[in-house]
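Participant:
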Amino acid sequence: MNLKLSEIAPKEIMPGYHGKMVHAQNMSIAFWEVEKGAQVPEHAHMNEQVMHVLEGTFEFTLDGTTQIYNPGDIVIIGPHKKHSGKALTPCKLMDVFCPVREEYR
41 MNLKLSEIAP KEIMPGYHGK MVHAQNMSIA FWEVEKGAQV PEHAHMNEQV
91 MHVLEGTFEF TLDGTTQIYN PGDIVIIGPH KKHSGKALTP CKLMDVFCPV
141 REEYR
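The sequence shown begins at 41 in this note's numbering and counts up by one.
This is the structure in structure tokens:
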């Protein structure tokens, strides 16, 4: 299967988080455009997650520890780990989830 990111319609999964979703057999990839100030509340899920900051400055809290992430920074989030985040500037992020993030289909 071949896809073009430019041809995938974005979904606003939560206020200020516009994602283009790609689903394979065992993983999902989300390409996010995040509005400045948009927040994702603390949550946890069964999926292992890898977050890559492509553009902007993103404040991220994992298991109670908050750090600031910039382009090129990567965070690995284990299954069932509590995490939250806030875009300090407009951001582009890429998240990889394994297994598939079914609720994003």
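A virtual CB, placed ideally from N, CA and C, is assigned to each residue, including glycine.
Hey, is the stretch 109–124 in contact with the stretch 54–73, meaning 3+ C-beta pairs nearer than 8 Å?
Facilitator: no
Participant: Give the list of continuous beta strand (DSSP E) stretches no shorter than 3 residues that lie fully inside the stretch 57–106.
Facilitator: 57–63, 68–74, 79–83, 88–95, 98–102
Participant: Identify whether Leu133 lies in helix, strand or coil by the three-state DSSP scheme.
Facilitator: As a first step, residue 133 must be located in the sequence shown, where it is residue number 93. The answer is strand: DSSP assigns Leu133 an E or B state.
Participant: Excluding the five sequence neighbours on either side, which residues of its own chain have a C-beta within less than 8 Å of the C-beta of Glu82, listed in chain order?
Facilitator: Looking up residue 82 in the sequence shown gives position 42. So the list reads Thr101, Lys122, His123, Ser124, once near-sequence residues are dropped.
Participant: So what does Ala127 bridge to, in DSSP terms?
Facilitator: Taking the first residue of the sequence shown as position 1, residue 127 is located at position 87. In DSSP, Ala127 forms a bridge with Phe98.
Participant: Tell whether a beta-carbon distance below 9 Å holds between Pro139 and Met91.
Facilitator: Against the sequence shown, residue 139 aligns to sequence position 99. Against the sequence shown, residue 91 aligns to sequence position 51. No, they are not a contact pair.
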